[in-house]
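Working notes, structure below.
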Amino acid sequence: MALVELSVVEQRYRAVLAVLAGATVTEVAASLGVSRQTVSGWKSRYEASGLAGLADRSRRPASCPHQASAEVETAVCELRRKHPRWGPRRIAFVVERSGAVTPVPSRMTVYRILVRHGLIEPGVRRRKRSDYKRWQRDRPMQLWQMDIVGGVMLVDPVTGELTEAKVVTGVDDHSRYCVIAQVVERATGRAVCAAFAGALQRFGVPEEVLTDNGKQFTDRFGHGGEVLFDRICRENGIAHRLTQPASPTTTGKVERFHQTLRRELLDDCGVFESVEDAQAALDRWVEEYNSIRPHQALDMQSPADRFTPVPDGERDMLGVRVPGMLAVVPPQRTPPADPEPVDVPPVPAVLSELVPVEAGGPVEFERVVPASGNLQVAGKQFWLGPSRSGLTVTFWADTSVIHLLIAGTRIKTVRSHLSVADLGRLAARGGRAAGPPPLPTGDGVAFEVDRVVNNSGLVGLGGHQVLAAEILGG
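In the numbering used here, the protein residues as written are 497 to 970.
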């Protein structure tokens, strides 16, 4: 005889029929391997609801007093969607601080809500490490940690070429306040020092600065000389501390800042058309990081709650010693307000509609000399000196030669490094078709040239070695 598998309801129904036919509850329970109370319960459910009463019933409680309300779940999900990188602890703190919903959810409740709505991936819980020892300075402005991070992508609006810019970063060790966040096309020693000098003028001089052994910060593993960063530290009485090689945890706070910067901004911001656009986006994020975003290492305070710069009076009295080549304009104490929109007359989309630029033909354009005195055009630097900062320089350029003029007077002529494509990009960015080249200098007329003094104090001039002074080397 073939075996027939009975359903659960059918088995229970046969047990109830056996009891109704005269069998004792004990006998039926023993034959099925269940308790007498179970068989009696089946009989009662059958008498009350018929066959439907023998089906399995849900064990879920009718109510759950500790379950989060719909208002709490809505507040949690909205915060997560607004800040996709915030975790349960930070969201729970902000919900509690806002006072918008009650009861206040715990961190674990927020975590379960995020998992239930698919806003976070459930992960394996990690045991807290007890062997980590966190160290930090006792008060702000005792120690800054500085570093350089990449990940800022720039796109040329004409060619579509992608390049990666860098960010010079610095955080205060005690408060985690971001004191430096400067986007630079190339993280040269001068660019890093300019960002450092700007922070010194804005916040004052810290007691110490901790960096890695990058060549922008030290010549520790080179010839052992003093780089520009060391000079700024020495002249302002700042103790420059260096990490041991291959020990990134020594500058752990600025490295952790980089992780937050990547996760909350750089990973999702896409590409920028200019350094200025990238800097504007970074400034907005830094303002939120410093003043609004709760910091878990600070017991959910913001860095601004624990940071205090050097007082203005003390800062003005002591001053900041910055090399002339890095002279910067003192920053404003408060960010400028957004300018009011103004009506401007319509202009052509490109200047070539007024004066057509022939392919490969000479181009004229203007640039303003920065405070450093070092202009950069199409990847080439033109040294004009800090004394000319703020002046407008007119460039006359073709594929053979570049002339630099100030107020109509030619001050420098160099061999051109520009290609036809470079000239096209300069024309598209505001250049115009150039007239005839500046007149050549007459015989016997004085002109200026720039030379770099070598370590022996000599400069090359017209095929001759001219002695300047060894102290002027570099």
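Backbone N, C-alpha and C define an ideal beta-carbon position, used for all residues, glycine too.
- Residues 910 and 912 of the same chain have their beta carbon placed closer than 6 Å to that of residue 898, with the five preceding and five following residues left out of the count.
- Under the Cβ criterion (8 Å, minimum of three pairs), the region 713-722 does not count as touching the region 746-755.
- Remark: C-beta atoms of residue 949 and residue 968 approach each other more closely than 7 Å.
- A direct Cα-Cα distance of roughly 7 Å separates residue 589 from residue 796.
- Annotation for residue 588: the continuous alpha helix (DSSP H) segment containing it runs 584-594.
- The closest CA to that of residue 802, considering only 655, 809, 788 and 565, is found on 788.
- Going by DSSP, residue 571 is part of no beta strand (DSSP E) but of the alpha helix (DSSP H) stretching over 566-578.
- Between residue 761 and residue 781, the gap from beta carbon to beta carbon is short of 7 Å.
- DSSP places residue 709 in the coil class of the three-state scheme, outside both helix and strand.
- Under the three-state reduction of DSSP, residue 893 is assigned to strand.
- Boundaries of the alpha helix (DSSP H) harbouring residue 754: 748-757, taken from the DSSP string.
- Here DSSP, grouped into helix, strand and coil, assigns residue 643 to strand.
- Assignment of residue 782 by DSSP, reduced to helix, strand and coil, places it in the helix class.
- DSSP places residue 737 in the uninterrupted beta strand (DSSP E) bounded by 735-738.
- The region 537-548 and the region 566-582 do not touch, with fewer than 3 CB-CB distances between them shorter than 8 Å.
- For the 7 Å CB-CB criterion, residue 804 and residue 636 form a contact.
- In the structure shown, the three-state DSSP call for residue 696 is helix.
- For the region 663-689, the continuous beta strand (DSSP E) assignments of 3+ residues that do not extend past its boundaries occur at 674-680, in sequence order.
- Our two residues, residue 533 and residue 553, have alpha carbons roughly 17 Å apart in a direct line.
- The secondary-structure analysis by DSSP pairs residue 863 across a beta bridge with 889.
- Non-local beta-carbon contacts of residue 918 in its own chain, meaning distances under 8 Å to residues more than five positions away in sequence, involve 874 in chain order.
- In the three-state reduction of the DSSP assignment, residue 947 falls in the coil class, being assigned neither a helical nor a strand state.
- Residue 961 counts as exposed, since fewer than 16 other beta carbons sit within 10 angstroms of its beta carbon.
- Between residue 673 and residue 799, the CB-CB gap stays under 7 Å.
- Between the alpha carbons of residue 891 and residue 883 lies a gap of roughly 19 Å.
- Looking from the CA of residue 505, the closest CA among 511, 733, 522 and 550 belongs to 550.
- For residue 920, there is no enclosing beta strand (DSSP E); the residue is part of the alpha helix (DSSP H) that begins and ends at 916-924.
- Approximately 6 Å separates the beta-carbon atoms of residue 675 and residue 699; this is inside 8 Å, confirming the contact.
- The Cβ neighbour count for residue 545, taken over all protein chains shown within 10 Å, is under 16; the residue is labelled exposed.
- C-alpha of residue 560 to C-alpha of residue 613: approximately 19 Å in a straight line.
- In this structure, 509 is the residue among 536, 530 and 509 with its C-alpha nearest to the C-alpha of residue 548.
- Annotation for residue 538: the continuous alpha helix (DSSP H) segment containing it runs 532-545.
- Look at residue 809 here: in three-state DSSP terms it is helix.
- Bridge partners of residue 957 according to DSSP: 960.
- Between residue 886 and residue 864, the beta carbon gap of about 7 Å places them in contact (Cβ cut-off 8 Å).
- DSSP lists 859 as the bridge partner or partners of residue 929.
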